[in-house]
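Working notes for the structure below.
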Amino acid sequence: MTDEYKTISNIGEGYYSEKRSKFLAFSHHVTSVDEITEILDTYRKKYYDARHVCYAYMLGPDRTTFRANDDGEPSSTAGKPILGQINSNELTDILIVVVRYYGGVNLGTGGLIVAYKAAAADAISHSEITVRQVEEEVVYNFPYIMTNDVMRVIKDMSPRIVSQTYDNTCEIRLAIRKSEAERLRERLNKLSFE
Numbered sequence: 015m016t017d018e019y020k021t022i023s024n025i026g027e028g029y030y031s032e033k034r035s036k037f038l039a040f041s042h043h044v045t046s047v048d049e050i051t052e053i054l055d056t057y058r059k060k061y062y063d064a065r066h067v068c069y070a071y072m073l074g075p076d077r078t079t080f081r082a083n084d085d086g087e088p089s090s091t092a093g094k095p096i097l098g099q100i101n102s103n104e105l106t107d108i109l110i111v112v113v114r115y116y117g118g119v120n121l122g123t124g125g126l127i128v129a130y131k132a133a134a135a136d137a138i139s140h141s142e143i144t145v146r147q148v149e150e151e152v153v154y155n156f157p158y159i160m161t162n163d164v165m166r167v168i169k170d171m172s173p174r175i176v177s178q179t180y181d182n183t184c185e186i187r188l189a190i191r192k193s194e195a196e197r198l199r200e201r202l203n204k205l206s207f208e
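Position one of the sequence shown corresponds to residue 15 (this note's numbering), numbered consecutively onward.
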């Protein structure tokens, strides 16, 4: 199991034109279906005069939550080619919206597939692709007198400190790369027995 995944960090814009039909593509970094719904509503309002607002998305480091939507285009001619571009670039936490203005000439299913694929690919090519780590949270409770020992482990392993509370019993919440989480737990738990 890998603990890295690829996503985008900006809004990428792409464009494709065929027989006077225009395809405007936009890629967004997203983390939830609610966020996707909001973005889609914005595009539907902004491009209210467009014939189709098609999209595909992929969510989560494990890339198991996804959807492709043809928005009235013939089945599998819009959403699937967009999703295909997301998959071929191994991206996740991404939404690609392609807005189509009809040019008066039918493109046929093959032409539509090429157009949506090319528009999505152009949006991805104008996106900043970043590699992120899958993190796991580790929570550790300890007496105040152990603070220096705990901080030594943190300095050594470099987890991100999410929150910390210092009192008679202290609690620290850390986020670390998933593959390192068990080792961090072991090192912290070992402190309790020293």
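Just so you know, even glycine gets a beta-carbon here, dropped at the ideal spot from N, CA and C.
Task: Inside the stretch 76–143 only - alpha helix (DSSP H) runs reaching at least 4 residues - done: 93–102 and 122–139
Task: Test item: CB-CB of A70 and I110 under 8 Å - done: Closer than 8 Å, so yes.
Open item on the list: Looking at E52: is its Cβ nearer than 8 Å to the Cβ of H66?
Closed with: Not closer than 8 Å, so no.
Open item on the list: With H, G and I counted as helix, E and B as strand and the rest as coil, what does DSSP make of N24?
Closed with: coil
Open item on the list: Taking DSSP's pairing of strands, which residues face S177 in a bridge?
Closed with: Beta-bridge pairing links S177 to R187.
Task: CB contact flag (P173, V145, <8 Å) - done: Contact flag unset, no.
- [ ] Inspect the beta-carbon positions of I96 and Y130 and report whether they are closer than 8 Å.
- [x] yes
Open item on the list: Looking at A137: is its Cβ nearer than 8 Å to the Cβ of G28?
Closed with: yes
Open item on the list: Within the continuous beta strand (DSSP E) that includes E33, where are the two ends?
Closed with: Sequence check: residue 33 is Lys here, not Glu. From DSSP, K33 is part of no beta strand (DSSP E); its letter is neither H nor E.
Open item on the list: Tell me which residue opens and which closes the alpha helix (DSSP H) that Y61 is part of.
Closed with: Counting along the chain, Y61 falls outside any alpha helix (DSSP H), and DSSP gives it neither H nor E.
Open item on the list: Am I right that T21 and T106 are in contact with their C-beta atoms under 8 Å? What's the rounded C-beta distance?
Closed with: 6 Å
Task: Helix, strand or coil at M15 according to DSSP, with G and I counted as helix - done: Reliability fails at M15, whose pLDDT of 49 lies under 50, so the model's placement of it is uncertain and the value that follows must be treated cautiously. It is coil, neither helix nor strand.
Open item on the list: Are the CB atoms of S35 and Y116 within a distance shorter than 8 Å?
Closed with: With contacts defined by Cβ atoms closer than 8 Å, Y116 and S35 form a contacting pair.
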